[in-house]
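All the letters of the sequence shown, read from the start, carry residue numbers 0 to 385 under numbering that gives the first Met the number 0. Working notes, structure below.
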Amino acid sequence: MIVVAGLMNTFLGTSLLYSAGIIHFGLLGKYRRSPTQVSWASALFSSTFFLAGTGQSMTYSGTVLAVGFYFHDNPSVPTGIVVFGAGIGVFVFPTLTEFLIQTYGSDGAFLLLSAIGLQVMVFNMCIPTHPLEIERKKRSKTLWMELKLIILEFRKLFTTGAYLCFCISIFCWSASLNISLIYLPQYYVSTGSTPMQAAMLMSLYGLTGCFARILIGMAASDAGIDGKILYMGSYTLLGIATLSLPVLGTSFPGKVFYSTILGLYSSGVWSLLIPITMEIVGVKQMPTAFGMELLVGGVGFLLSPIAGGKIKSEGDDYSLIFIISGVVYFLAAVFELLMILTMKKSESFNERHNTEKNIDIEQHLIEGPVGKDDNNITESAQESSV
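Given below as structure tokens:
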């Protein structure tokens, strides 16, 4: 039930983000303003800083965290199934959004898309609160205690070099991915495709992303495969493909190829965020760490279309935008490599709990007395695993 409800949440509640490029193109046609001005509207729609983005972020983060709590022993496969819903949405919503804009106009399209997103309320009610979160609330009975706990967790996070590198990597690929989602449909149209063909190419991105989310999740669940290497390799290959887009994008087969590569290597990484986060900070700090990752990604999603609009206004085509986007994808891979090296060198990471120890910690938090010292919990978990 939890996995099915989570899949429907990501399908209905978080997929509208990936229609931002189609909506951006529709807003350009309606208001006849400069791309930079309309970029602000698309950024507000797609970022996690404002109303629509905040709701999508809360839906996504709550759903994925719930799955991470209930399946902490092997989160990759359940997470892959849940984010598969977003892949279905990426396949469905671009074409659906284009149809709604053509049929009902941008105002009617926004209204109908809002009605679709509202259905997540039903599926959210199907996901019960995990006992660890209930215990967490008992430990922080007052607002002051909750604030102190949050400050302590943030201090631990930002003194972890590997986590900082991971956040920078997330910012890089979020910014670059949103440039693709916003400007790729316009680029396809400017190189000879029709608006419906551009929407279908974005749907192809969603279709390939569906398979990538499941396959990457299954691969990362194998003890012999390092999810961090999959993450780094994905953005290395995507950076190469994006740098080649000005050459590949002149023909329809090249557009099909790039949309396929974009779906395969950008979508599968969503299945790796929770496992990598748990590996860096552990299950106890996972909610705070994952929330910060979404915030960092939201900043990237907010700033990238504005920067892309300014670059486009100074040039005649989209080549420079995608060249910069490819470089930023490479930076995401570089910071992931730095994260891996930092994790190997860090004494705190070498002493990090493995999956069995994380489970022991959770059991102690649930069964132990309220307010028990975290250090004693960690020591008892370590002793039990020896």
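Every residue, glycine too, gets a C-beta built ideally from N, C-alpha and C. Small disclaimer: the values here were computed from a predicted structure and weren't measured.
Taking residue i as the reference, give the member of the options with the closest Cα.
i: A118; options: L6, I273 and T94; result: A small fix is needed here, since residue 118 is Gln in this sequence, not Ala. Per the Cα distances, L6.
i: G262; options: G54, P77 and V89; result: V89
i: Y257; options: S18, L244, S266 and G267; result: L244
i: A197; options: L95, Y59 and M217; result: L95
i: F334; options: G205, W172 and L206; result: W172
i: I228; options: I339, S18 and L242; result: I339
i: F68; options: T128, A218 and Q185; result: T128
i: S18; options: S179, L146, M144 and P252; result: S179
i: K283; options: L148, D221, G104 and M144; result: L148
i: G104; options: G25, S220 and E313; result: G25
Between residue i and residue j, which are expected to be in contact by the criterion C-beta below 8 Å, what is the C-beta distance as a whole number of angstroms?
i: T187; j: L203; result: Per the sequence shown, residue 187 should be read as Tyr rather than Thr. With a Cβ gap of about 11 Å, Y187 and L203 do not count as contacting.
i: F83; j: I213; result: 5 Å
i: I169; j: V295; result: 5 Å
i: G238; j: F329; result: 4 Å
i: F300; j: N177; result: 5 Å
Using only the alpha-carbon positions, how far apart do residue i and residue j sit?
i: F122; j: I115; result: 13 Å
i: E346; j: I181; result: With a pLDDT of only 46 at E346, under the threshold of 50, the placement of this residue in the model should not be trusted, and no figure is reported.
i: I167; j: A331; result: 7 Å
i: Y165; j: S270; result: It should be noted that the sequence gives Phe, not Tyr, for residue 165. So the alpha carbons of these two residues sit roughly 15 Å apart.
i: Q55; j: S189; result: 30 Å
i: S175; j: V327; result: 6 Å
i: M291; j: A108; result: 31 Å
i: G248; j: K254; result: 5 Å
i: L183; j: V91; result: 17 Å
i: L64; j: L151; result: 20 Å
i: P130; j: A211; result: 32 Å
i: G223; j: G191; result: 45 Å
i: S303; j: P74; result: 31 Å
i: I21; j: P194; result: 9 Å
i: I322; j: C209; result: 26 Å
i: M124; j: S60; result: 15 Å
i: I279; j: S250; result: 43 Å
i: L163; j: T287; result: 14 Å
i: Q185; j: L146; result: 45 Å
i: S233; j: P252; result: 22 Å
i: F153; j: L272; result: 18 Å
i: W143; j: E313; result: 50 Å
Leaving out the 5 sequence neighbours to the left and right, which residues in its chain are closer than 8 Å to residue i when beta-carbon positions are compared?
i: L236; result: I260 and Y264
i: D106; result: none
i: I275; result: F165, G226, K227 and Y230
For residue i, which residues from the same chain have a beta carbon less than 7 Å from its beta carbon, with the 5 sequence-adjacent residues on both sides left out?
i: V77; result: It is Pro, not Val, that sits at residue 77 in the sequence shown. For P77, where only same-chain residues beyond five positions count, the Cβ hits under 7 Å are V2, V66 and F70.
i: R351; result: Reliability fails at R351, whose pLDDT of 45 lies under 50, so the model's placement of it is uncertain and no value is given.
i: T58; result: N8, G12, T13 and V119
i: L336; result: M231
i: V81; result: V2, G5, L6, T9, T62, V63 and V66
i: S113; result: none
i: G86; result: G205, G208, C209, R212 and S266
i: A218; result: I224 and L229
i: G79; result: R212, I213, I215, G216, M217 and S270
i: N353; result: In this predicted model, N353 has a pLDDT of only 49, less than 50, meaning its place in the structure is not dependable; the value taken from the coordinates is given anyway. For N353, where only same-chain residues beyond five positions count, there are no Cβ hits under 7 Å.
Ordered along the chain, which non-local residues of its own chain (more than five positions away) have a Cβ less than 6 Å from that of residue i?
i: I126; result: I1, A4 and A65
i: M277; result: M285
i: L386; result: Since the first and last residues shown for the chain are 0 and 385, residue 386 lies out of range.
i: G325; result: G238, T241 and L242
i: P93; result: S18, I21, A198, M201 and S202
i: D372; result: Low confidence applies here, because D372 scores a pLDDT of 48, under 50, leaving its location unreliable; read the following figure in that light. Here the set comprises nothing.
Hey, is residue i's beta-carbon within less than 9 Å of any beta-carbon in chain C?
i: I215; result: No chain C appears in the structure shown, which is made up of a single protein chain.
Item to check | Inter-stretch contact at 8 Å, needing at least 3 Cβ pairs: the segment 92 to 108 / the segment 302 to 319 | outcome: Touching, no.
Checklist entry - Is it a yes or a no for the segment 318 to 332 touching the segment 152 to 161, going by three-plus beta-carbon pairs under 8 Å? => result no
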